[in-house]
Amino acid sequence: MQFGRYFEEFEVGAVYKHWPGKTVTEYDDHLFCLITMNHHPLHLDAHYAEQTTDFKRNVVVGNYIYSLLLGMSVPDVSGKAIANLEVESLRHIAPTFHGDTIYGETTVLDKTESKSKEDRGVVYVETRGYKQDGTVVCVFRRKVMVPKRSYGETRGGEQPGRPEPLP
């Protein structure tokens with residue numbers, strides 16, 4: 276199974292539909308909030324959310340949705356990455372609630388060969404996340420430095436560093 280792509284495999288305009296989706300649970304949301312020390316009651320306190328917000332329920336923390344989409348895109352986009360160079364923009368378009376299922380897709384916007392090293396290039400992509408009903412919830416653009424095939428071949432091929440079992 277392929278994990279990521281070499282620079283030569285990216286085509287401007289290509290769309291990668293990440294699979295599978297992920298249903299966001301209350302546990303996922305609360306654990307992420309606690310790990311990242313985001314204790315805002317909008318995310319953690321159901322009574323607060325019901326009494327004081329327009330949504331009348333907890334909203335999933337946006338950075339979890341971004342992180343989820345970023346992770347979903349790894350097998351298709353950055354699985355071979357040398358470096359994540361930049362997140363150019365990040366927009367939260369609509370709220371996500373416990374029980375929503377998130378799907379993602381990434382479009383290749385541009386690609387540029389490295390000016391300093393001939394074995395790599397930079398791929399510019401936009402990832403969109405949407406819920407089960409098609410509502411777009413998050414959009415971000417980023418630049419990823421990815422290797423060319425020559426880079427991979429000189430460092431062990433498709434699974435560099437993988438040991439062989441002893442007899």
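One point on numbering: in the working numbering, the residue at position 158 of the sequence shown is 433, and numbering is uninterrupted.
Even glycine gets a Cβ: it sits at the ideal position worked out from N, Cα and C.
Going straight from the alpha carbon of H293 to that of Y339, what length do you get? Numbered from 1 along the sequence shown, position 18 holds the residue referred to as residue 293. Numbered from 1 along the sequence shown, position 64 holds the residue referred to as residue 339. Approximately 17 Å, taken between the alpha carbons.
Distance check for P316 and G354, CA to CA, integer angstroms please. Locating residue 354 in the sequence shown gives position 79, where the first residue counts as 1. Locating residue 316 in the sequence shown gives position 41, where the first residue counts as 1. A direct Cα-Cα distance of roughly 35 Å separates G354 from P316.
Could you tell me which residues DSSP pairs with M420 in its beta bridges? Within the sequence shown, numbered from 1, the residue matching residue 420 stands at position 145. Answer by DSSP bridge pairing, in chain order: A358 and V397.
Three or more beta-carbon pairs under 8 Å between the stretch 328-339 and the stretch 278-288, yes or no? Contact between the stretch 328-339 and the stretch 278-288 is absent, because fewer than three Cβ pairs lie under 8 Å.
Under the three-state DSSP convention, the category T327 falls into: Reading the sequence shown from its first residue, position 52 is the one you call residue 327. Under the three-state reduction of DSSP, T327 is assigned to helix.
What does K297 pair with, by DSSP beta-bridge criteria? For the purposes of this step, residue 297 is taken as residue 22 along the sequence shown, with counting starting at 1. Looking at the DSSP assignment, K297 forms a beta bridge with I377.
If we count the other Cβ atoms within 10 Å of its Cβ and call it buried at 16 or more, is N347 buried or exposed? Taking the first residue of the sequence shown as 1, we reach residue 347 at position 72. Residue identity check: residue 347 is Met in the sequence provided, not Asn. Its Cβ being crowded by 16 or more others within 10 Å, M347 is buried.
Report the option in Q277, Y281 and V290 whose CA atom is closest to the CA atom of V400. To locate residue 400, count along the sequence shown from 1; it is residue 125. If we check each option's Cα against that of V400, V290 comes out closest.
Which residue marks the beginning of the alpha helix (DSSP H) containing M312, and which one marks its end? Here residue 312 corresponds to residue number 37 of the sequence shown, with the count starting at 1. Counting along the chain, M312 falls outside any alpha helix (DSSP H), and DSSP gives it neither H nor E.
In this structure, what does DSSP give as the bridge partners for M291? As a first step, residue 291 must be located in the sequence shown, where it is residue number 16. The sequence shown places Tyr at residue 291, not Met. DSSP, once it has assigned bridges, lists T381 as partnering Y291.
What is the C-beta distance between F415 and P350, in whole angstroms, given that I count them as a contact (C-beta under 8 Å)? For the purposes of this step, residue 415 is identified with residue 140 of the sequence shown, where counting begins at 1. For the purposes of this step, residue 350 is identified with residue 75 of the sequence shown, where counting begins at 1. About 17 Å; that fails the 8 Å criterion.
One question on the structure: do D375 and T311 come within less than 9 Å of each other, judged by their Cβ atoms? Locating residue 375 in the sequence shown gives position 100, where the first residue counts as 1. Locating residue 311 in the sequence shown gives position 36, where the first residue counts as 1. No; because the gap between Cβ atoms is not below 9 Å, this pair is not in contact.
Bridge partners for R403 per DSSP, in chain order? Stepping through the sequence shown from its first residue, residue 403 is reached at position 128. In the DSSP assignment, R403 is bridged to E380 and V414.
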